[in-house]
Amino acid sequence: MGFMLGLKAFTAAVLGGIGNLRGAMLGGVLLGLIESLGAGYIGDLTGGFLGSNYQDVFAFFVLIAVLVFRPSGLLGERVAERA
Amino acid sequence: MRLHRLAKHYFAALGVALLALPFIVDAMFGHGWVRIADFALLYIMLALGLNIVVGYAGLLDLGYIAFFAVGAYTYALLGSPQFGLHWPMWAVLPLGALFACGFGVLLGAPTLRLRGDYLAIVTLGFGEIIRIFMNNLNAPVNITNGPQGISGIDPLRVADFSFGKAHEWFGVEFAAVHLHYYLFLAFTLLVIFVSLRLQHSRIGRAWMAIREDEVAASAMGINTRNVKLLAFAMGATFGGISGGLFAGFQGFVSPESFSLMESVMVLCMVVLGGMGNIAGVVLGGVLLVVLPEAFRHGAGPMQQALFGKTVVDPESLRMLMFGLALILVMLWRPAGLWPSAQRRRELMPDEAVAQQERDTVYDVSK
Amino acid sequence: MTSPSETLIELTGICKRFGGLAALSDVSLHIRRGEIYGLIGPNGAGKTTLFNVITGLYQLDAGTFNFAGRAYAHCKPHVLAQAGIARTFQNIRLFANMTTLENVMVGRHLRTHSGIWGALTRSPAAREEERVIAERAHQLLSYVGIRRPANTLAKNLSYGEQRRLEIARALATDPMLLALDEPAAGMNSTETESLKTLLQDIRSQGVTVLLIEHDVKLIMGLCDRVAVLDYGKKIAEGVPEQVRNDPAVISAYLGCGDD
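Residue numbers (my numbering), protein chains in the order written: chain F, 85 to 167; chain E, 2 to 367; chain C, 928 to 1186.
Written as structure tokens, this is what we have:
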């Protein structure tokens, strides 16, 4: 699915910090790790209720979490609000 | 006064036409087209719900179909052999609406403070996530039956009256598709009524103020978070209701019916018809359901007649024409085919209002 | 109504920084009930920042902010509007695609209550409230001197009318303090003169007015007291005559090459 890939790319960029080149790289690496490790262990963590077929949902929850708790991303500068 | 009576006649004529429509369509094109009319009504309901979110409050929601899915699956799970539950429609439909509303709040609460483009991405993701869950919640505990979907869903019925069977009154036979048409028509009218009432109310004005300028709206004392959440919840509720109706009508739901393409389709109806204008959104819904179908049925035979063979597969031609039509409309009528009355109102000022203005002119410079 | 010396808004030690830049440092001022208070200073002196702080668009980094006897630091804009602070914007922010009447009606939002249920049922109470909102909005439109049909879209008003519409919309919230960010910008002298009359009339109705303005003539002719900001600091405060002759003010204006 093309747009799922797009969503993950966007998530990686947001995670690292929009407009920040190093941030995008860091976000990409981190998201990849989160996804693979998450998909690998989710079965153990939920007692087998959820399996690796939920791999795609991690990107989404990372995206929500970043936007809610640290909208500027890991390496992003704090963006002044518009008035 | 004369205008008022004229409007009354106009509405009466429209009402008769709407009531007679399934029979006319049936006689002219056959049962299949009545079914398409039913789907058109479902889509109109969806589009009207999305119109509250996008058209009134200006929040771009790209995962709207998720709420439709929640409504549909609620109905499917509580009224099918899947769990052996056969709850009645009057209980399941509101429950589906309530669940959809709950999901709307759940998604909206953390994300509605985001800027427009971020919100679009998050809602898009949400739509996909719901689909992934529907697709995968079949193991180890089978809840949604996975990609196979749920079949054998109870037909819509009120007490002993089932909309899934043909009935005969006064010597006229009403097929199931006809009955569904009337049921959906009633729900659509209800949704239109609610939309109209909300549009011209304190809440509706607050939504539009947020759409126009969120900072100014909050400086005017509007609690933007709550008001936006309300729009989100209202839209989701409508999505949930039409989802339930869809499940009962179709008798079968699967995750495939709730892809991103459907969200885009509903959004297109809103944008193409005219954001924020109910008549425009209805027009958009009708056009985007009926035209592609007409094209599907017409393109093959037409090519046969013209070239003696099928040159382009009607299915791909259909999508091509659809994209082209969208681009053309957006180029020439960026506000949609039937934009809101505000601009027309401006050209013809209401005489009563103008009179009041003249009566109360206050000259500050004197 | 109230004694003129009673303090309506009191700011002490307000600091606001953006990254490394201190937009406001240690600004203190108090505005009395019923006065017209002017805020002037060269471009970039922090006037609008101060406005955004007292209307809740920015959160202050340090200092206290009391309004009508209550502390309001770190509040959302709608809370401050509810408390009785209404504002206009330097770069006009109307609801462009809504009618003039609707713009003012939105201002009544926080003083009215009908919700979803009232809207759906159109109960007598909801209808009555709606009627009162519209009536008040019409009144305010004519009060500020907008003589166009009430269903003119806000974006189609002239520049001066848009500024007045912003004032009408702000007045609709029944404010105690009306904060105007350069209301005379872009107006010709006739319009400025009628704006002055309007502001004096608003004050006579018991509304305190806080005014940012570049038009020194307007400030001097209208304000009871004036504060001067420069580089985020208050460099002078007092009655217009006194401020005009203050050496610090003169050097700030000359030094900046402004005017």
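In this text, a Cβ means the ideal position worked out from N, Cα and C, and glycines have one as well. Remember, predicted model here, so these are calculated numbers, not experimental data.
Beta bridge counterpart(s) of residue i as assigned by DSSP
i	result
R943(C)	Reading off the sequence, residue 943(C) comes out as Lys, not Arg. Partner(s): L951(C).
G965(C)	L1138(C), V1153(C)
K1161(C)	L1156(C)
D1108(C)	I1139(C)
R1035(C)	Bridge partners of R1035(C): none, in fact.
T991(C)	T939(C)
S260(E)	None; S260(E) has no bridge partner.
R959(C)	T934(C)
A1013(C)	L1105(C)
R997(C)	F994(C)
F175(E)	H168(E)
S163(E)	R158(E)
S152(E)	F253(E)
T1026(C)	L1080(C)
H87(E)	G80(E)
Member of the options whose CA lies at the smallest distance from the CA of residue i
i	options	result
L20(E)	F84(E), D39(E), H5(E), G281(E)	D39(E)
I1012(C)	G983(C), K1123(C), T976(C)	G983(C)
V159(E)	I53(E), G277(E), H87(E)	H87(E)
C1194(C)	N1024(C), L935(C), S955(C)	The first residue shown for chain C is 928 and the last is 1186, placing residue 1194(C) beyond what the model contains.
I37(E)	F188(E), F247(E), S219(E)	F247(E)
G1045(C)	P111(E), S202(E), I242(E)	S202(E)
G205(E)	R6(E), I53(E), M331(E), A8(E)	I53(E)
G973(C)	I1162(C), P1051(C), A1010(C)	I1162(C)
P1110(C)	A1095(C), S1069(C), D1101(C)	A1095(C)
V146(F)	L42(E), D27(E), I122(E)	I122(E)
G1191(C)	L966(C), V1136(C), L1007(C), E1093(C)	One cannot answer for residue 1191(C) here, as it falls past the ends of chain C, which runs 928 to 1186.
L325(E)	L113(E), A207(E), A70(E), L273(E)	L273(E)
R960(C)	V980(C), A1053(C), T1135(C)	T1135(C)
G940(C)	I1043(C), H957(C), G946(C), L948(C)	H957(C)
L1098(C)	M1032(C), L987(C), A1053(C)	M1032(C)
F994(C)	P1004(C), Q986(C), A1010(C)	A1010(C)
H1141(C)	A1008(C), L1104(C), V1155(C)	V1155(C)
M46(E)	F104(E), V313(E), V271(E), N137(E)	V271(E)
G236(E)	F69(E), Q251(E), A306(E)	F69(E)
A28(E)	A187(E), E174(E), L327(E)	E174(E)
V17(E)	R319(E), L186(E), G301(E), G275(E)	L186(E)
R1020(C)	D1173(C), L1092(C), F945(C)	L1092(C)
L288(E)	L15(E), V26(E), L138(E), Y44(E)	Y44(E)
M884(C)	L1007(C), L948(C), V980(C), L987(C)	Lying outside 928 to 1186, the shown extent of chain C, residue 884(C) is not represented and no answer is given.
E316(E)	W333(E), H298(E), V330(E), L332(E)	H298(E)
G117(E)	K166(E), V55(E), L338(E), N278(E)	V55(E)
Y964(C)	P1051(C), F1016(C), L1107(C)	L1107(C)
Nonlocal neighbours in the same chain, by C-beta distance under 8 angstroms from residue i, ignoring five residues either side
i	result
D351(E)	Residue placement at D351(E) is poorly supported in this model, since its pLDDT is 49, which falls under 50; the coordinates are not used for a value here.
I1(E)	Past the boundaries of the shown model lies residue 1(E); chain E is included only from 2 to 367, so the question cannot be answered.
G129(F)	First, the residue type needs correcting, since residue 129(F) is Leu and not Gly in the sequence shown. There are no such residues.
Same chain, Cβ closer than 6 angstroms to residue i, five either side skipped, listed in chain order
i	result
T124(E)	D62, L63, G64
G1148(C)	none
R346(E)	For R346(E), the pLDDT reaches just 49, beneath the cut-off of 50, and the residue's location in the model is therefore unreliable, although a value from the coordinates is still provided. Here the set comprises nothing.
G109(E)	L230, F233
P23(E)	V35, H179, Y182
R344(E)	With a pLDDT of only 46 at R344(E), under 50, the local geometry of the prediction cannot be trusted, and no value is derived from it.
A96(F)	G111, G112, L115
I151(E)	A77, S81, Q83, V254
I66(E)	G128, F259, E263, S264
Q1132(C)	none
E1088(C)	I1073
Neighbourhood of residue i by C-beta distance below 7 angstroms, restricted to the same chain and skipping five residues each side
i	result
E1168(C)	none
T1039(C)	E1056, I1060
Taking beta-carbon pairs under 8 angstroms, can you tell me which members of the region 145–161 of chain F lie near chain E? L147, I148, L151, V152, P155
What residues in the region 112–132 of chain E have a beta carbon less than 8 angstroms from any beta carbon of chain F? T112, L115, Y119, I122, V123, L125, G126, F127, E129, I130
Meets three-Cβ-pair contact criterion under 8 angstroms: the region 1079–1095 of chain C and the region 1019–1031 of chain C: yes
Assess, as a yes-or-no matter, whether the region 997–1012 of chain C is touched by the region 1050–1070 of chain C under the definition of 3 or more beta carbon pairs within less than 8 angstroms. no
Sufficient close CB pairs (3 or more, under 8 angstroms) joining the region 5–21 of chain E to the region 211–219 of chain E: no
Counting only Cβ-Cβ distances shorter than 8 angstroms, please list the residues of the region 991–1015 of chain C near chain E, keeping chain order. K1003, P1004, H1005, A1008, Q1009, A1013, R1014
Taking any Cβ of chain C, which residues in the region 240–262 of chain E have a Cβ under 8 angstroms from it, in chain order? none
Can you give me, in chain order, the residues of the region 1091–1103 of chain C that have a beta carbon less than 7 angstroms from any beta carbon in chain E? R1096, T1100
Does the region 108–128 of chain F come into contact with the region 140–157 of chain F, if we say contact requires no fewer than three beta-carbon pairs (one atom in each stretch) closer than 8 angstroms? yes
Identify each residue in the region 41–53 of chain E for which the Cβ-Cβ distance to at least one residue of chain C is less than 8 angstroms, and report them in chain order. none
Could you list the residues in the region 1033–1052 of chain C with a C-beta less than 9 angstroms from some C-beta on chain E, going in chain order? V1033, G1034, R1035, H1036, L1037, R1038, T1039, H1040, S1041, G1042, I1043, G1045, A1046, L1047, T1048, R1049
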